Amino acid sequence: EDCFYSIITARKIAETFNTVVVVLSDANLATSQQPFPRPVFAETWLAPPVDQSAVDEGTKPYDWDPVTGLARRLVPGQPHGMHTLTGLAHDRASRVAYDPEINEEAIHHRSLKLAALQKTLKTPPVFGGDSGDLLVIGWGSTKGAIEEIVERLREEGHQVSSMHLTFLQPMPAGIKEIMQRFRKVMTIEANWCDRLEDEIIDETNRRYSALALLLRARYLVDIDCWSEVKGQPTKPGTLYRVIREKLEKERRKT
């Protein structure tokens, strides 16, 4: 169900912010089947009508807004909107340009668009308590298994919660503040990470999984990780064992 609505959201983001949207998936999401209530069609799913009204003569196709980096999209056939799509570095008039200042200006405004998008994103909800001993963060197909085990562990009295990320770049505001309310944070995902049990692996050469590495770099928070890459969905029983071991390991440290 989330996959269905995610594609609609991706298209709306691409059109609103004139930017490329990459939808990440994994084998489990790509091949799984799940019944869900038939969606009720909404007009908001459709692309808005294409505005082909004439623009003022001299309008620049990349007249970037200084705050948001956005520019009005001119479409083929729009009166006074004729311009060349270069695929190369260009100025505001879409002319090929290799000037250092122009190149930096274009990249600057593309980055501003991501910042403008980030301002529209909501902080992801926390499943479980708002604070505690351990926060488990996942993305993609791990959500169901993680939440099942978090619920089970909380029934056993453990202060563990989870958070599922939908947007990875840019990330919504508030994530760092959520992580700071927990004693420890770890990610669980279907990407490889080295295991400290291996004799040659230590903190100086360990490969972290992709999400853990991204979160550590962005928020400067010490985040552990666990992953499994067997080409199959991670089983809830496996996650139960992994998270229990993490909780007990941290308890022994105290």
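Numbering (the numbering used here), first residue to last: 4 to 257. Where is the CB? At the ideal position from N, CA and C, for every residue including glycine. Bear in mind that the values here come from a model prediction, so they are computed numbers and not experimental data.
According to DSSP, residues forming a beta bridge with residue i
{"i": "T61", "result": "Looking at the sequence itself, residue 61 is Gly, so the reference to Thr does not match. None; G61 has no bridge partner."}
{"i": "D227", "result": "M189"}
{"i": "H167", "result": "G141"}
{"i": "V99", "result": "H93"}
Proximity test, residue i beta-carbon vs the ligand SAM heavy atom, cut-off 6 Å
{"i": "K252", "result": "What this structure holds is no ligand at all, so the ligand SAM is not there to describe."}
Alpha-carbon spacing of residue i relative to residue j, whole angstroms
{"i": "W229", "j": "F7", "result": "28 Å"}
{"i": "T3", "j": "A100", "result": "Nothing can be reported for residue 3: it is not among the residues displayed for the chain, which extend from 4 to 257."}
{"i": "I246", "j": "R155", "result": "11 Å"}
{"i": "I226", "j": "P239", "result": "21 Å"}
{"i": "L32", "j": "N21", "result": "27 Å"}
{"i": "A215", "j": "G80", "result": "47 Å"}
{"i": "G234", "j": "N194", "result": "10 Å"}
{"i": "I211", "j": "E108", "result": "According to the sequence provided, residue 211 is Tyr. The question's Ile does not apply to it. Approximately 34 Å, taken between the alpha carbons."}
{"i": "K187", "j": "E248", "result": "13 Å"}
Cβ neighbour criterion (16 or more within 10 Å) applied to residue i
{"i": "V70", "result": "exposed"}
{"i": "M166", "result": "buried"}
{"i": "W48", "result": "exposed"}
{"i": "E192", "result": "buried"}
{"i": "G177", "result": "exposed"}
{"i": "F44", "result": "exposed"}
{"i": "E231", "result": "buried"}
{"i": "T207", "result": "exposed"}
{"i": "A213", "result": "buried"}
Inter-residue CB distance, residue i and residue j (contact presumed, cutoff 8 Å)
{"i": "T190", "j": "L218", "result": "7 Å"}
{"i": "N106", "j": "A96", "result": "Contact doesn't hold; Cβ gap of about 15 Å is too wide."}
{"i": "I10", "j": "V26", "result": "7 Å"}
{"i": "I149", "j": "L242", "result": "6 Å"}
{"i": "L115", "j": "G72", "result": "3 Å"}
{"i": "V163", "j": "G135", "result": "6 Å"}
{"i": "L120", "j": "P173", "result": "6 Å"}
{"i": "K179", "j": "Y222", "result": "4 Å"}
Residue ranges of each beta strand (DSSP E) within the segment 124–152, 3 or longer: Taking only runs of at least 3 residues, the beta strand (DSSP E) segments lying wholly in the segment 124–152 are 135–142.
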